Structure formats: C-alpha cells, structure tokens
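Participant: For the record, the sequence lines run as chains X and H. If you're matching positions, the first sequence starts at 456 in this note's numbering and goes up one per residue. If you're matching positions, the second sequence starts at 608 in this note's numbering and goes up one per residue.
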Amino acid sequence: MRLKELVDSLGLRVLCGDEHLDREVTGGYVSDLMSDVIAHAEEGYLWVTLQTHANTAAVAAMKDLSGVVLIGGRQPEKDTLDKARARGVALLGSGLPAFELVGRLYSLGVRGRHGDAEGA
Amino acid sequence: MDLHVHTCLSPCADNSMTPPAIAARAAAAGLAAIAVCDHNTGGNVPAVQTAGRRHGVEVLAGMEVTSAEEVHLLALFADACALGSFESEVAGHMTGTNDPRYFGDQILADENGEPTGLEERLLLGACDLSVGDLVERIHGLGGLVVASHVDKEAFSLIGQLGFVPPELALDAIELSPHSPSDMEFRRYGLPILRSSDAHFLEDIGGSHSCLRAERATFVELAGALRGTGGGALVDC
Numbered sequence: 456m457r458l459k460e461l462v463d464s465l466g467l468r469v470l471c472g473d474e475h476l477d478r479e480v481t482g483g484y485v486s487d488l489m490s491d492v493i494a495h496a497e498e499g500y501l502w503v504t505l506q507t508h509a510n511t512a513a514v515a516a517m518k519d520l521s522g523v524v525l526i527g528g529r530q531p532e533k534d535t536l537d538k539a540r541a542r543g544v545a546l547l548g549s550g551l552p553a554f555e556l557v558g559r560l561y562s563l564g565v566r567g568r569h570g571d572a573e574g575a
Numbered sequence: 608m609d610l611h612v613h614t615c616l617s618p619c620a621d622n623s624m625t626p627p628a629i630a631a632r633a634a635a636a637g638l639a640a641i642a643v644c645d646h647n648t649g650g651n652v653p654a655v656q657t658a659g660r661r662h663g664v665e666v667l668a669g670m671e672v673t674s675a676e677e678v679h680l681l682a683l684f685a686d687a688c689a690l691g692s693f694e695s696e697v698a699g700h701m702t703g704t705n706d707p708r709y710f711g712d713q714i715l716a717d718e719n720g721e722p723t724g725l726e727e728r729l730l731l732g733a734c735d736l737s738v739g740d741l742v743e744r745i746h747g748l749g750g751l752v753v754a755s756h757v758d759k760e761a762f763s764l765i766g767q768l769g770f771v772p773p774e775l776a777l778d779a780i781e782l783s784p785h786s787p788s789d790m791e792f793r794r795y796g797l798p799i800l801r802s803s804d805a806h807f808l809e810d811i812g813g814s815h816s817c818l819r820a821e822r823a824t825f826v827e828l829a830g831a832l833r834g835t836g837g838g839a840l841v842d843c
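1) Under 8 Å Cβ to Cβ from Thr481 (chain X), same chain only, skipping five residues before and after it: list those, please.
2) Would you say Gln506 (chain X) faces chain H, with C-beta separation under 8 Å as the test?
3) Determine the extent of the alpha helix (DSSP H) in which His536 (chain X) is found, giving its start and end residues.
4) Give the straight-line distance between the Cα atoms of Ala509 (chain X) and Glu555 (chain X), rounded to the nearest whole angstrom.
5) Taking just the CA atoms, how far does Ala630 (chain H) sit from Thr673 (chain H)?
6) Helix, strand or coil for Gly574 (chain X), going by three-state DSSP, please let me know.
7) Let me see if you follow: with CB-CB separation under 8 Å, is Glu743 (chain H) close to chain X or not?
8) Pick out whichever of H:Gly838, H:Asp810, H:Ser814 has its Cα sitting closest to the Cα of Arg822 (chain H).
9) Could you tell me whether the Cβ atoms of Glu718 (chain H) and Thr657 (chain H) are closer together than 8 Å?
10) So if DSSP puts Ile780 (chain H) in a beta bridge, which residue, or which two residues, is it bridged to?
11) Quickly, what does DSSP pair Met670 (chain H) with across the bridge? List them, please.
12) Buried or exposed: which applies to Gln713 (chain H), given that a residue is buried once 16 or more other Cβ atoms fall within 10 Å of its Cβ?
13) Using a C-beta to C-beta distance shorter than 8 Å, which residues of chain H count as neighbours of Ala509 (chain X)?
14) Tell me which same chain residues have a C-beta within less than 8 Å of the C-beta of Ile780 (chain H), skipping the five on either side of it?
15) Whole angstroms are fine: how far does the CA of Gln506 (chain X) sit from the CA of Leu461 (chain X)?
16) Would you check if the region 805-819 of chain H and the region 630-639 of chain H touch, i.e. whether three or more CB-CB distances between them fall below 8 Å?
17) So who's on the other strand from Gly483 (chain X), going by DSSP bridges?
18) For Gly550 (chain X), I'd like the list of residues in its chain whose CB is within less than 6 Å of its CB, leaving aside the five on either flank, ordered along the chain.
19) Rank H:Met624, H:Glu760, H:Glu665, H:Ala620 by C-alpha distance to the C-alpha of Leu638 (chain H) and give the top, closest one.
20) Could you have a look at His611 (chain H) and say whether DSSP puts it in helix, strand or coil?
21) Starting from the Cα of Ala733 (chain H), find the closest Cα among H:Gly739, H:Val742, H:Val826, H:His700 and give me that residue.
22) At a CB-CB cut-off below 9 Å, which residues of chain H make contact with Val514 (chain X)?
23) Please list, in chain order, all residues of the same chain as Thr535 (chain X) whose beta carbon is under 8 Å from its beta carbon, the five residues on each side excluded.
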C-alpha cells in the first residue's frame, strides 16, 4: 500500500514530504522511545509516535522508514520540520490518539512484525 | 563526588532520605561533595546544604528536570538562588497534583530532618519544555547540564531520543551504577560522570566520580567539565 492511500483514507495532514507519498508502506511500528524504534522498526515501515523532537526525523531517515505520523494533533518543532525536509522524510499528522490511529491503519491492511510473542 | 542524590522530596525516594541523614551518610561514605537532584524541584537543597556544612560535605544545588520528551537532565547551579530561579521557570511549565497513594510522599524537610510541609505539585510529571529549551535556560542561569543515566532505556536522553543530538550543548553525560563500561559512550566526546542516583541512604556514594581540585566546589567542577581550568576529572 502506498503512503498516499493512507493519507487519503485517514485524512492525515501532510506536514512535509509531499513528494514522497508514492512510497510503499511495508509495515507499521508504534513507539515513543527512539532507541526502541532504532532496534525494531524496519525499512519502509510507517512510524506512529508522539515525539516531536528533531531526532524523530533523524531516526526515520536512518531507518529509511516510509513516513512518520505525529498523533494527537501534535505539531513538530521547527527544526524537526527542517530536518525532515532536508533528509526526505514524509512527516504526517493525525488528530487521533495512537491507539485509534493504529487500529485504523491495521484495518486498512498495515501490519507490524509479530516478534517473539506470537501465540503467547 | 556523587552528583545525583535524591531526598525525601522526590516521591520515588525513600522517606528516610532526610537532609541530616543524607549529609551524615555522604560524610561516612567519604564523599567531599554531593549534588541534591530531586525531580523537578530544589525545595530541600538549602536544608541539605546546611546539614552538609555540619558534616564537612559540600552540597551542590541541583535538580533532575524532566523535559517534554521525558528525558531526565541534571541541572547544577552555583547556588540555591540560581536553582530557585530555574525551579520557578520549570514550575510554570508543569501541571498536575501529586497523589501520594500512587506516587509516594513529597516531603519538605529542614536541616534537622523535621518535616516542614508537603509539596503538592506532581513532581513525577514532565514539563513542556524541550531538551534544547532546558539546556539554554540552565546555561542562561550559569548552570551545568548533565544528561542523566544515558545507559538506561527509561527517561534517558539516548533511550528517548535514540542518540545524543550533536547540536545539544551538554556539559557531561552520566552513567548509572548499572553501567559496567563507558566504552560505547566515549564517542560523544563529552565528559562522563558516574553517580549513584540514590533513592535510598545506603546507595549514596555507591557510584561516584573523582575530581582533582583545590576544593570540591561548583566552580572547580564547572572548570573541569568545560575545560577552562580549575579542577579536572580523573579516574577513581
């Protein structure tokens, strides 16, 4: 599924990165601990978070994620936007809380890794 | 010196962490200096400083402030007055009321250990200032900024933000007593401190840093961390 389809279906705001909306979303990850995202998110994943710090853009670029959704109507800090633009990161916004947003992403077919807890 | 000690004012610290008990324990542990760093308050600092003078222990005025990203930073100041200014700024950016049933007591105490009041603000909360904002404000008041327990996942600069933002003008990073080696943290090119983050009396001094200086004071420490002379950090 392409990022653009998710933006349209969920009414996400495009904070920056219009030119990257053709990107394929290979999965999803939700976390507010960036060390955890570095360890567990995979290339092409869409990352759902409330962290608006500039390192959000840096981590998304480093992991080559398809995009970042800031939840709950949170606004990125200015240097976060600057860094996202400079590094080609699609930064999106949703007014929904993380739980609700992730539920809707899941129902649209976005999946995360099952990890080791499968069947537990 | 052990630059990260909580008092009974931190809801998560043991109620036995009174000003005189801390000073006595620090002296018994052979520490020349400690820094009192309660969560988002400096309310017990003057009392520990008075108690410290009785035991010959220098007590630096500090606070462990929680940023909007839920990163813990130690703010160390030259005196309780500068710390008071910083506390007022932070208090204006925090909300919430403590419920001791869930978070613990927040006890203000005097130099004799007598309770003088209960802090009602939710000290375990976060302020809405970013780490960058806080570093600027602390430096603006002449203080030092140390990123707390960067080896831990929870509430640490590296845990919350993935790595140390290169543009952040930190004065040092702190390793918790649990961190066996500083090898992986040397790449940030910042002075590395070790502290106890004591929440119980017996933890005070359990992990510490060593400063070679005329006296164990804020000025000597600042000189050591900023490389402007005075003291120097040395291997313990």
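Backbone N, C-alpha and C fix where the C-beta goes; we use that ideal spot for every residue, glycine too. As the structure is a prediction and not an experimental result, all values here were calculated from the model.
Facilitator: To lay it out plainly:
1) Locating residue 481 (chain X) in the first sequence gives position 26, counting from the first residue. These residues qualify, in order along the chain: Glu497, Glu498, Gly499, Tyr500, Ser521.
2) Translated into the one-based positions of the first sequence, residue 506 (chain X) becomes position 51. So, interface residue.
3) As a position in the first sequence, residue 536 (chain X) is number 81, starting the count at 1. It should be pointed out that residue 536 (chain X) corresponds to Leu in this sequence rather than to His. Looking at the DSSP string, the run of the alpha helix (DSSP H) that includes Leu536 (chain X) is 533-542.
4) Your numbering for residue 509 (chain X) matches position 54 in the first sequence. Your numbering for residue 555 (chain X) matches position 100 in the first sequence. Cα to Cα, the separation comes out at about 25 Å.
5) Along the second sequence, one-based indexing puts residue 673 (chain H) at 66. Along the second sequence, one-based indexing puts residue 630 (chain H) at 23. So the alpha carbons of these two residues sit roughly 25 Å apart.
6) Stepping through the first sequence from its first residue, residue 574 (chain X) is reached at position 119. Because Gly574 (chain X) carries a pLDDT of 48, less than 50, the predicted location of this residue cannot be relied on, and the following value inherits that uncertainty. If DSSP states are grouped into helix, strand and coil, Gly574 (chain X) belongs with coil.
7) Residue mapping note: residue 743 (chain H) aligns to position 136 of the second sequence, counting from 1. Not one chain X Cβ lies under 8 Å of Glu743 (chain H).
8) Here residue 822 (chain H) refers to the residue found at position 215 when the second sequence is read from its first residue. Ranking H:Gly838, H:Asp810, H:Ser814 by Cα distance to Arg822 (chain H) puts H:Gly838 first.
9) Stepping through the second sequence from its first residue, residue 718 (chain H) is reached at position 111. Stepping through the second sequence from its first residue, residue 657 (chain H) is reached at position 50. It is a contact, given that the beta carbons lie within the stated cut-off.
10) Residue 780 (chain H) sits at position 173 when you count from the first residue of the second sequence. Answer is H:Ala754, H:Ile799.
11) Position 63 of the second sequence, counted from the first residue, corresponds to residue 670 (chain H). Bridge partners of Met670 (chain H): H:Asp645, H:Ala682.
12) Counting from one through the second sequence, the residue named residue 713 (chain H) turns up at place 106. By the 10 Å Cβ count, Gln713 (chain H) comes out buried.
13) Taking the first residue of the first sequence as position 1, residue 509 (chain X) is located at position 54. The contacting residues are Pro772.
14) In the second sequence, the residue the question calls residue 780 (chain H) occupies position 173. Contacts found: Val753, Ala754, Val757, Leu764, Val771, Phe792, Tyr795, Leu797, Pro798, Ile799, Leu800.
15) Working through the first sequence from its first residue, we reach residue 461 (chain X) at position 6. Working through the first sequence from its first residue, we reach residue 506 (chain X) at position 51. Leu461 (chain X) and Gln506 (chain X): Cα-Cα distance of roughly 20 Å.
16) yes
17) Numbered from 1 along the first sequence, position 28 holds the residue referred to as residue 483 (chain X). Per DSSP, X:Leu501.
18) Against the first sequence, residue 550 (chain X) aligns to sequence position 95. Correct list, in chain order: Gly528.
19) The count along the second sequence starts at 1 and reaches residue 638 (chain H) at position 31. Residue H:Glu665 is the option with its Cα nearest to Leu638 (chain H).
20) Residue mapping note: residue 611 (chain H) aligns to position 4 of the second sequence, counting from 1. The answer is strand: DSSP assigns His611 (chain H) an E or B state.
21) In the second sequence, residue 733 (chain H) corresponds to position 126, counting from 1. Looking at the Cα atoms, H:His700 is the closest of the given residues.
22) In the first sequence, counting from the first residue as 1, residue 514 (chain X) sits at position 59. Here the neighbours are Leu768, Gly769, Phe770.
23) Against the first sequence, residue 535 (chain X) aligns to sequence position 80. Contacts found: Thr507, His508, Ala509, Thr511, Ala512, Leu546.
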